[in-house]
Each structure stands twice: as structure tokens, then as C-alpha cells.
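**Q**
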Amino acid sequence: MTKIKSVRARLWKWTGPTVPPKGQFCTNASDLLWEKGDAMSSFRFHQWMTCEVETEDGTVGIGNAALAPSLVKTAVDEVYGPLVIGEDPFDYAYIWEKMYRKTHAWGRKGVGMTAISAIDIAIWDLMGKLTGKPVFKLLGGRTKEKIPVYYSKLYADDVDVMQAEAAEAQKNGYTGYKMRFGCGPKDGMAGMRENLKRVEAVREVIGYDVDLMLECYMGWNLDYTKRMLPKLAKYEPRWLEEPVIADDVEGYRELNAMGIVPISGGEHEFSVIGCKDLIATKAVSVLQYDTNRVGGITAAQKINAIAEAFQVPVIPHAGQMHNYHLTMANANCMISEYFPVFDVEIGNELFYYIFDGDPEATDGYLQLDDDLPGLGITISDRHLADFEIEE
Ligand SMILES: [Mg+2]
Numbered sequence: 001m002t003k004i005k006s007v008r009a010r011l012w013k014w015t016g017p018t019v020p021p022k023g024q025f026c027t028n029a030s031d032l033l034w035e036k037g038d039a040m041s042s043f044r045f046h047q048w049m050t051c052e053v054e055t056e057d058g059t060v061g062i063g064n065a066a067l068a069p070s071l072v073k074t075a076v077d078e079v080y081g082p083l084v085i086g087e088d089p090f091d092y093a094y095i096w097e098k099m100y101r102k103t104h105a106w107g108r109k110g111v112g113m114t115a116i117s118a119i120d121i122a123i124w125d126l127m128g129k130l131t132g133k134p135v136f137k138l139l140g141g142r143t144k145e146k147i148p149v150y151y152s153k154l155y156a157d158d159v160d161v162m163q164a165e166a167a168e169a170q171k172n173g174y175t176g177y178k179m180r181f182g183c184g185p186k187d188g189m190a191g192m193r194e195n196l197k198r199v200e201a202v203r204e205v206i207g208y209d210v211d212l213m214l215e216c217y218m219g220w221n222l223d224y225t226k227r228m229l230p231k232l233a234k235y236e237p238r239w240l241e242e243p244v245i246a247d248d249v250e251g252y253r254e255l256n257a258m259g260i261v262p263i264s265g266g267e268h269e270f271s272v273i274g275c276k277d278l279i280a281t282k283a284v285s286v287l288q289y290d291t292n293r294v295g296g297i298t299a300a301q302k303i304n305a306i307a308e309a310f311q312v313p314v315i316p317h318a319g320q321m322h323n324y325h326l327t328m329a330n331a332n333c334m335i336s337e338y339f340p341v342f343d344v345e346i347g348n349e350l351f352y353y354i355f356d357g358d359p360e361a362t363d364g365y366l367q368l369d370d371d372l373p374g375l376g377i378t379i380s381d382r383h384l385a386d387f388e389i390e391e
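Quick note: the sequence shown uses this note's numbering, first residue 1, plus one each step.
(1) Are Y94 and I119 closer than 8 Å when you measure CB to CB?
(2) Looking at the secondary structure, which residues open and close the alpha helix (DSSP H) in which N195 lies?
(3) Would the beta-carbon of R193 fall within 8 Å of that of M162?
(4) Under the criterion of a Cβ to heavy atom distance below 7 Å, does S242 qualify as lining ligand 1?
(5) Can you tell me the Cα-Cα spacing of G180 and T18, whole angstroms?
(6) How about G184 and G191: do their beta carbons lie closer than 8 Å?
(7) Just how far apart, CA to CA, sit P313 and G251?
(8) Can you tell me the Cβ-Cβ gap for T50 and R10, rounded? I've got them flagged as a contact below 8 Å.
(9) Quick test of your reading: Y324 and I147, contact by CB under 8 Å. State the CB separation rounded to the nearest angstrom.
(10) Since I believe N332 is in contact with A300 (beta carbons under 8 Å), could you give me their beta-carbon distance rounded to a whole number of angstroms?
(11) Can you give me the Cβ contacts of H46 inside the same chain, cut-off strictly under 6 Å, excluding the 5 residues immediately before and after it?
(12) So, at 8 Å on beta carbons, what are the nonlocal neighbours of T281 in its own chain, with the 5 sequence-adjacent residues on each side left out?
(13) May I ask you to report which of helix, strand or coil DSSP gives G132?
(14) Assuming I123 contacts G61 (C-beta within less than 8 Å), just tell me the rounded distance between them.
(15) Please classify H268 as buried or exposed, where buried requires at least 16 other C-beta atoms within 10 Å of its C-beta.
(16) Verify the contact flag: E204, CB atom, against every heavy atom of ligand 1, threshold strictly below 7 Å.
(17) Quick one: Cα of G86 to Cα of K153, how far?
(18) Taking the alpha carbon of V261 as the point to measure from, which residue in I273, V286 and E78 has its own alpha carbon closest?
(19) My guess is that L326 and T291 are in contact by the Cβ rule of under 8 Å, so how many angstroms apart are they, rounded?
(20) Consult DSSP for F181 and reduce its assignment to one of helix, strand or coil.
(21) Do the CB positions of G374 and V135 come within less than 8 Å of each other?
(22) Does the separation of the CB atoms of Y338 and A305 fall below 8 Å?
(23) State buried or exposed for I206, treating a residue as buried only when at least 16 other CB atoms are found within 10 Å of its CB.
(24) Measure the C-alpha to C-alpha separation of Q367 and V344 and round it to an integer number of angstroms.
(25) Confirm, please, whether the CB-CB distance from K137 to E56 is below 8 Å.
(26) If you draw a straight line from the alpha carbon of T378 to that of D370, how long is it in whole angstroms?
(27) Mind reading off the beta-carbon distance from G176 to Y151? Whole number of angstroms is fine, and I expect it under 8 Å.
(28) Taking Cβ positions, are N64 and I116 nearer each other than 8 Å?
(29) Check whether the Cβ of E254 sits closer than 7 Å to any heavy atom of ligand 1, and report yes or no.
(30) Please list the segments of the alpha helix (DSSP H) lying wholly inside the segment 250-296, counting only runs of 4 or more residues, in order along the chain.
(31) D77 to V7, Cα distance in whole Å?
(32) Can you give me the C-alpha to C-alpha distance between S380 and M189, rounded to a whole angstrom?
(33) Are the beta-carbon atoms belonging to L232 and L255 less than 8 Å from one another?
(34) Since L71 contacts K102 with CB under 8 Å, what's their CB separation in whole angstroms?
(35) Which ranges does the beta strand (DSSP E) cover as unbroken runs of at least 3 residues, wholly within the segment 52-100, from first to last along the chain?
(36) Closest to G23 by CA distance: which of E97, G259 and D157 is it?
Structural data, given as C-alpha cells:
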């Protein structure tokens with residue numbers, strides 16, 4: 001039995017070239033603040049945190065977090081790292097409870113739970129490497145031959161630009177496409193028409209034999225969404241994602257109960273009990289926890305069991321290997337979100353630059369290797385010159 005001897009958190013700040021932001025490319029929770037400052041500033045991020053958990057025998061498990069990476073690094077360095085040193089990584093459920101309960105007063109949501117998630121993901125990678133098995137095999141094995149993915153980009157832009165992007169993406173045969181809205185409550189009726197025009201335009205390109213997902217990123221409110229849902233229905237969206245802020249669970253419930261368009265959400269919810277509330281009260285028709293925020297793979301598996309019992313499909317937020325392994329191992333996770341490989345723009349594509357091993361979709365599918373132990377990623381040296389790294 002080998003024990004955890006160190007936890008190393010590193011902050012990765014991208015200093016390389018970025019694609020310049022283009023206007024209001026996605027509604028977000030800051031929109032209601034009107035003209036005070038840059039509403040998009042909380043949407044873009046060009047930093048990431050990696051968390052390497054090493055055992056006495058020199059095996060290293062890799063976890064990561066994209067939410068508030070510098071704060072999460074501090075939390076790992078000062079609180080959570082010291083809590084796990086000396087533990088047996090196969091006591092993962094105990095370690096999770098220890099991190100959760102010893103910081104419960106402040107750590108159960110937000111930065112604290114994100115730090116727990118990063119360490120937990122690293123521990124699962126470690127367990128895979130120590131047993132010589134891919135993580136999905138430890139989670140129950142292969143429930144699908146390969147993972148269907150949906151293309152997730154199509155930020156709000158000029159209609160012809162969005163149509164060209166959709167047409168280009170279509171060449172890879174995706175069975176689903178997610179687009180973002182640029183207008184919300186402050187843009188009134190004219191903005192509603194701009195939103196609808198783009199949904200129609202994307203449908204025009206992709207047709208009606210594939211799924212179309214619509215993303216609000218918490219940039220709408222209850223009243224606006226209630227007015228939009230009937231107008232959106234004729235475009236047969238697979239779901240409307242995060243229409244209202246994450247705390248407005250009652251709002252999600254009301255919108256989902258309307259039964260016009262399935263409501264999805266959960267990428268800003270934390271832990272098992274937080275997600276249980278979304279599932280059991282039918283606040284969402286599709287749950288999208290983010291594994292590196294919700295409590296890592298240990299919490300995600302518990303949430304998967306609850307969701308499966310309530311027959312709520314789970315489609316974890318974002319690409320990344322921890323999500324793909326969970327999707328592979330759970331029949332109730334039918335499809336994965338997929339961020340196409342792209343120049344650094346929003347920031348959610350940065351993991352392609354930090355790690356080696358994240359698969360690229362072929363013909364709309366991803367594959368995981370049955371013989372690659374752990375999560376199957378390593379920290380890359382390909383782009384080191386474009387990062388400033390803080391230890
Ligand atoms: Mg989302």
C-alpha cells in the first residue's frame with residue numbers, strides 16, 4: 001500500500017496569442033448590470049489550475065480546475081493538500097468526506113468544493129495508474145462502443161458567420177450542436193428577434209435530424225424566458241441551458257414545468273445534495289454538473305445514481321477526460337459535450353494546451369483506450385513558452 005506524499009498545485013496563465021473577443025458573444029449573469037463595466041469579463045478566463053497528487057512510490061495523479069484557479073490553488077496549498085497527505089488513495093470516499101466535512105463551514109460550495117474536485121480527480125487518475133486500468137473501468141466499465149459528442153461553440157455573431165461555422169462543423173458529422181444567445185432581457189423585443197433569427201439560421205444549416213441545444217449561461221431571467229419559450233418551441237431545441245442564475249432553483253422548476261422546451265442546468269451547482277435538489281424537484285430535465293466543480297468523480301458517481309433513479313439524463317459540462325470516463329461508464333450519460341480544438345478564445349479550450357491526451361472527435365464520436373491507465377492525460381510541454389506558471 002502506497003500513501004499520498006505530496007500535493008502540487010500549479011497556476012497556468014496563458015500569455016500566448018488569443019482570438020480577440022467580439023461583442024456580446026454570449027449572455028451571462030452580469031448582463032443585468034447594464035452598462036457598468038465589461039459584462040463579458042466574467043465569461044472569459046485565460047488561467048487554469050493543475051493539481052498533481054503523488055504517492056510514495058512516485059506515481060502521480062493529475063486533476064485540474066478552471067473555476068477561480070488562483071483561489072483554488074491557494075485553497076489546495078493551504079487547506080486541502082495537507083488534509084490528504086499520508087492517506088491511502090484507495091480510501092477515496094473517506095478522503096472526500098474528510099475534505100468536505102472539515103471545511104464544511106465555508107468549503108461546501110464554490111472555491112472549496114472546486115479544490116476538493118481537483119484533488120479527487122487526481123486521486124482517481126492515481127487509482128487508475130496504480131491498478132493499471134483506465135478510470136472508466138474502475139467506474140463500471142464500457143457502457144457504449146464509443147461516445148457520441150455534441151459540438152459546443154457557435155457563439156453569438158453575425159448570422160452568416162454562425163451559419164458558416166455550423167456548416168464547417170457539420171463536416172464532422174455531429175449529432176448535436178450548441179449555440180449561444182447574444183441578447184437578453186435588456187435588449188427587449190428587438191433582441192428577442194435577433195436571438196430567434198440566429199436559431200432559425202443555425203437550424204437552416206443543420207436541419208432537423210440533429211439536436212440543437214440553446215445556451216443562455218444565466219443571462220436571462222424568469223420573465224424573459226417565459227416569453228421566449230413559446231417562440232423557441234417551433235425550432236425543436238433539445239434543451240434550453242441555464243436560463244436563469246444558478247441560485248434560482250424555483251425559477252428552473254417553473255420553467256421546466258411549463259413543458260415547452262426541456263430545461264437543463266447544474267454546471268454551477270455543487271456537491272451531491274445540491275444536485276439532488278435539482279433532480280428530485282424536477283428543476284432540470286437534463287443535469288449538467290461540472291466534474292471539476294461538483295466534487296470530482298466521487299461526487300459525480302453518487303449524483304449519477306440519483307439521476308438514473310429519477311430518469312434524468314446526465315451530460316457533464318465541458319469536454320475533458322474526467323467527463324468522458326464518467327460518460328463511458330454510465331448508461332444514463334448518453335452523450336458528451338465537446339469543445340472543438342481552437343485557438344485560445346474564451347479560455348475553455350485551454351486544457352488542450354496544458355495536457356496531452358484529450359481525444360479529438362472523429363465523425364462525431366470520441367474513443368477511450370481500454371489499455372491506458374488512469375485518465376489518459378499527461379501535462380504537456382508543447383506550449384510551455386505560452387504560459388506563465390506559478391507554483
Ligand atoms: Mg453551459
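Using N, Cα and C, we set each Cβ at its ideal position, and we do this for glycine too.
**A** Result, derived from the coordinates:
(1) No, these two residues do not count as a Cβ contact at 8 Å.
(2) First-last of the alpha helix (DSSP H) with N195: G188 to I206.
(3) It is not a contact, given that the beta carbons lie outside the stated cut-off.
(4) Sequence check: residue 242 is Glu here, not Ser. Yes; taking the cut-off as 7 Å, the Cβ of E242 has a heavy atom of ligand 1 nearer than that.
(5) As written in the sequence, residue 180 is Arg, which differs from the Gly given in the question. C-alpha separation (whole angstroms): 20 Å.
(6) Between G184 and G191, the gap from beta carbon to beta carbon is short of 8 Å.
(7) Straight across, the Cα-Cα distance linking P313 with G251 is about 20 Å.
(8) About 5 Å; that satisfies the 8 Å criterion.
(9) At roughly 6 Å, the Cβ-Cβ gap stays under 8 Å, so Y324 and I147 are in contact.
(10) With 8 Å as the limit, A300 and N332 do not qualify as a contact, their Cβ atoms being about 12 Å apart.
(11) Excluding positions up to five away in sequence, the list reads W14 and G347.
(12) The residues are V249 and R253.
(13) Three-state result, G132: coil.
(14) Their Cβ separation, rounded to whole angstroms, is 6 Å, which keeps I123 and G61 in contact under 8 Å.
(15) Burial call: buried.
(16) No, the Cβ of E204 stays beyond 7 Å of every heavy atom of ligand 1.
(17) Distance between the alpha carbons of G86 and K153: 42 Å.
(18) Measuring from the Cα of V261, the nearest candidate turns out to be V286.
(19) Right, their Cβ atoms sit about 6 Å apart.
(20) DSSP places F181 in coil when its eight states are reduced to three.
(21) For G374 and V135, yes; Cβs fall inside 8 Å.
(22) No. Outside cutoff.
(23) Label assigned to I206: buried.
(24) CA-CA distance, Q367 to V344, rounds to 24 Å.
(25) No; because the gap between Cβ atoms is not below 8 Å, this pair is not in contact.
(26) Taking the straight line from one Cα to the other gives about 17 Å.
(27) About 7 Å separates the two Cβ atoms, so the contact holds.
(28) No.
(29) Taken from the Cβ of E254, every heavy atom of ligand 1 lies 7 Å or farther away.
(30) Uninterrupted alpha helix (DSSP H) stretches at least 4 residues long and entirely within the segment 250-296 occur at 271-280 and 291-294, given in chain order.
(31) Put simply, the backbone Cα of D77 is about 8 Å away from that of V7.
(32) Between the alpha carbons of S380 and M189 lies a gap of roughly 48 Å.
(33) Cβ atoms of L232 and L255: not closer than 8 Å.
(34) The pair is not a contact, with the Cβ atoms about 18 Å apart (cut-off 8 Å).
(35) Runs found: 60-65.
(36) It is D157 whose Cα lies nearest to the Cα of G23.
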